[in-house]
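Numbering (UniProt numbering), first residue to last: 1 to 118.
Just so it is clear, CB atoms sit at the ideal spot from N, CA and C, and this is done for glycine as well.
Input: a single structure, listed below in structure tokens.
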């Protein structure tokens, strides 16, 4: 289903009150009991990836998962935690039509939230 659909993301570091620059993320296509790795990307200074994670010929219906490497991000910033809590945050979601799917992540070392944005 090639068309106008696209998938984007945005990560906000709620501990520091700013976009999460340089966070690694992986996009997976979930197929039954296994996953297919589609892409690896890093957030820019605005906490976004430079190109949509999916668009055009790559965009399709199905179940996907974005894995946000938040533990690595906070460690790189020098956040010293006596007991680290979050490592990789997986957000699994379904794409069911050709529209813009925006999956933002608001994250601190101890909590996160997401929603379907626009």
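### Endpoints, the alpha helix (DSSP H) within which residue 115 is located
The residue given as residue 115 occupies position 115 in the chain shown. Per DSSP, residue 115 belongs to no alpha helix (DSSP H) and is neither H nor E.
### Query
Buried or exposed: residue 81, going by 16 or more other Cβ atoms within 10 Å of its Cβ?
Stepping through the chain shown from its first residue, residue 81 is reached at position 81. So residue 81 counts as exposed.
### Query
Do residue 68 and residue 30 come within 8 Å of each other at the CB atom, strictly closer than that value?
Translated into the one-based positions of the chain shown, residue 30 becomes position 30. Translated into the one-based positions of the chain shown, residue 68 becomes position 68. Contact flag unset, no.
### Task
Would you mind working out which of 93, 108 and 23 sits nearest residue 17, comparing C-alpha positions?
As a first step, residue 17 is located in the chain shown; it is residue number 17 there, counting from the start. That would be 108, whose Cα lies nearest to the Cα of residue 17.
### Query
What is the C-beta distance between residue 49 and residue 70, in whole angstroms, given that I count them as a contact (C-beta under 8 Å)?
For the purposes of this step, residue 49 is taken as residue 49 along the chain shown, with counting starting at 1. For the purposes of this step, residue 70 is taken as residue 70 along the chain shown, with counting starting at 1. With a Cβ gap of about 15 Å, residue 49 and residue 70 do not count as contacting.
### Task
Return the chain-ordered list of same chain residues with a C-beta closer than 6 Å to the C-beta of residue 65, the five sequence neighbours on each side being excluded.
Along the chain shown, one-based indexing puts residue 65 at 65. Around residue 65: 28, 30, 90 and 92.
#### Entry: Cβ-based burial, residue 73 [other Cβ within 10 Å; buried from 16]
For the purposes of this step, residue 73 is taken as residue 73 along the chain shown, with counting starting at 1. Buried, since its Cβ has 16 or more Cβ neighbours within 10 Å.
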